[in-house]
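Asks:
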Amino acid sequence: MDQLTEAFEAERSKLEAIAYRLLGSHSEAQDAVQEAWIRLDRTDGIDNLGGWLRTVVTRICLDMLRGRKAPPEDPDELEQLPTVRRTPEEEALVADSVSRALLVVLDTLEPAERIAFVLHDMFAVPFAQIAPIVERNPVTTKKLASRARQKVQGTPSVPNGELNRQRRVVSAFLDAARAGDLHAILAVLDPDVVRRVDATVLSPGMSAELRGARAVAEGTAALAARSQLAELALVNGRVGVVLAPHGKLLLALTFTFTGETDRITSYDVVADPARLSRLSLAVLTAER
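Laid out in structure tokens, this is it:
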């Protein structure tokens, strides 16, 4: 038993990494791995322990995904998000190697697509080994992963040069917002910029629309703590921002830009669940 426990613990971190990417929830991932340990304790004669555990954990996750009726984990509401900025060191401690934006996109996939994509593209598991788990043949499993990959990567609605320009502007905006740097925020805003916010996240007395660089910059800088949780993403084929603690989408920002000065002319904060559900979201890949 001591040897079995030691062998299981040697596999635990990899199993939890797989389960987290499949489920998007640390607590659910730990539950899945613990369930695999219980099943292992009842099983004899395993030749390839690592492969057996990976298969069992994946099947447990697949059952959990198929039975899921509500989003995983229940992140704090916006007003309960951190009000104090984390230091880079603190942020590194809580950050996971999987971006929150990727978790949001993975959550839009069908369970079998998610299994095929995560195991093959993120953990290099051969399709022949994935196929029995998702109850498909290897060729169909490969198609599942390909379809999932297309959804994860998305399709930009603008040429590569324009997409890269948008990325630089929005990245500068987000960096400045995280730092609460008023002057840096102003540097990427058009003088006549407009910010619109869905009523669902407005505090009493707040206006749904702000006009002018100074007003918008001050409003943005005031939300520096929340900006720590934001990430770049492809939103409706253009560079945008998502706020998704625990991989659960709370907000998305969409932008328009000037062509001459590389500045933001407007941005919308989308928070209404119905509007969020209509957005096309994808992971923003490296510059092309």
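When we follow our numbering, the leftmost residue of the sequence shown carries the number 14, and every step to the right adds one. Just so it is clear, CB atoms sit at the ideal spot from N, CA and C, and this is done for glycine as well.
Measuring CB to CB, does Glu273 end up less than 8 Å from Val255?
Replies: no
Asks: Can you tell me the Cβ-Cβ gap for Leu264 and Arg180, rounded? I've got them flagged as a contact below 8 Å.
Replies: In fact, because the Cβ distance is near 19 Å, the residues do not count as touching under 8 Å.
Asks: Looking at Leu202 and Arg251, is the spacing between their C-beta atoms short of 8 Å?
Replies: no
Asks: CB Leu294 to CB Val46, shorter than 8 Å?
Replies: No, these two residues do not count as a Cβ contact at 8 Å.
Asks: Quick one, which of Ser170, Ile73, Ala237, Ala23 has its alpha-carbon nearest Ala190's?
Replies: Each of Ser170, Ile73, Ala237, Ala23 was checked against the Cα of Ala190, and the nearest Cα belongs to Ala237.
Asks: Going straight from the alpha carbon of Gly253 to that of Leu119, what length do you get?
Replies: 18 Å
Asks: Could you check if Ser26 is buried or exposed, using at least 16 other CB atoms within 10 Å of its CB as the buried criterion?
Replies: Its Cβ having fewer than 16 others within 10 Å, Ser26 is exposed.
Asks: Spatial neighbours of Leu66 within its chain, please: CB distance less than 8 Å, with the 5 preceding and 5 following residues excluded, ordered by chain position.
Replies: Phe21, Glu24, Leu28, Ala49, Leu53
Asks: Roughly how many whole angstroms lie between the Cα atoms of Leu78 and Arg227?
Replies: Going by the C-alpha atoms only, they are around 46 Å apart.
Asks: Could you compute how far the alpha carbon of Ala161 sits from the alpha carbon of Leu176?
Replies: 22 Å
Asks: Measure the C-alpha to C-alpha separation of Pro88 and Arg239 and round it to an integer number of angstroms.
Replies: The predicted position of Pro88 is uncertain, since its pLDDT is 42 and thus under 50; no value can be drawn from it.
Asks: Who are Tyr280's beta bridge partners in DSSP?
Replies: Here Tyr280 is bridged, per DSSP, to Arg208, Phe268.
Asks: Once DSSP output is grouped into helix, strand and coil, what is the label at Asp188?
Replies: Here Asp188 sits in helix by DSSP.
Asks: Pick out whichever of Arg72, Asp211, Thr213, Gly218 has its Cα sitting closest to the Cα of Ala144.
Replies: Arg72
Asks: In three-state DSSP terms, what is Asp194?
Replies: coil
Asks: Leaving aside the five residues before and after Arg209 along the sequence, list all residues of the same chain whose C-beta is less than 6 Å from its C-beta, in chain order.
Replies: Glu222, Asp281
Asks: Tell me, which residues are paired with Met113 by DSSP?
Replies: The amino acid occupying residue 113 in the given sequence is Arg; Met does not appear at that position. Looking at the DSSP output, Arg113 sits in no beta bridge, so it has no partner there.
Asks: Could you say if the stretch 152–159 and the stretch 134–144 meet the contact criterion of at least three C-beta pairs nearer than 8 Å?
Replies: yes
Asks: Give the straight-line distance between the Cα atoms of Ala197 and Gly225, rounded to the nearest whole angstrom.
Replies: Straight across, the Cα-Cα distance linking Ala197 with Gly225 is about 15 Å.
Asks: Start and end of the beta strand (DSSP E) containing Val252?
Replies: Counting along the chain, the beta strand (DSSP E) containing Val252 begins and ends at 251–256.
Asks: Does Leu292 come out as helix, strand or coil in the three-state DSSP assignment?
Replies: coil
Asks: Report buried or exposed for Val70, applying the criterion of at least 16 other Cβ atoms within 10 angstroms of its Cβ.
Replies: buried
Asks: Is Ser279 near Val207, with beta carbons less than 8 Å apart?
Replies: yes
Asks: Check for me: the beta strand (DSSP E) holding Arg224 runs from which residue to which?
Replies: Where Arg224 is concerned, the enclosing beta strand (DSSP E) stretches over 222–224.
Asks: By DSSP, does Ala228 sit in helix, in strand, or in coil?
Replies: For Ala228, the secondary structure class from DSSP, reduced to helix, strand or coil, is helix.
Asks: What residue does the alpha helix (DSSP H) around Leu157 start on, and which one ends it?
Replies: 151–166
Asks: Report, in whole angstroms, the separation of the C-beta atoms of Ala257 and Ala129, which I expect to be a contact under 8 Å.
Replies: With 8 Å as the limit, Ala257 and Ala129 do not qualify as a contact, their Cβ atoms being about 23 Å apart.
Asks: Identify the continuous alpha helix (DSSP H) that holds Leu132 and give its terminal residues.
Replies: Counting along the chain, Leu132 sits inside no alpha helix (DSSP H), nor does DSSP assign it H or E at all.
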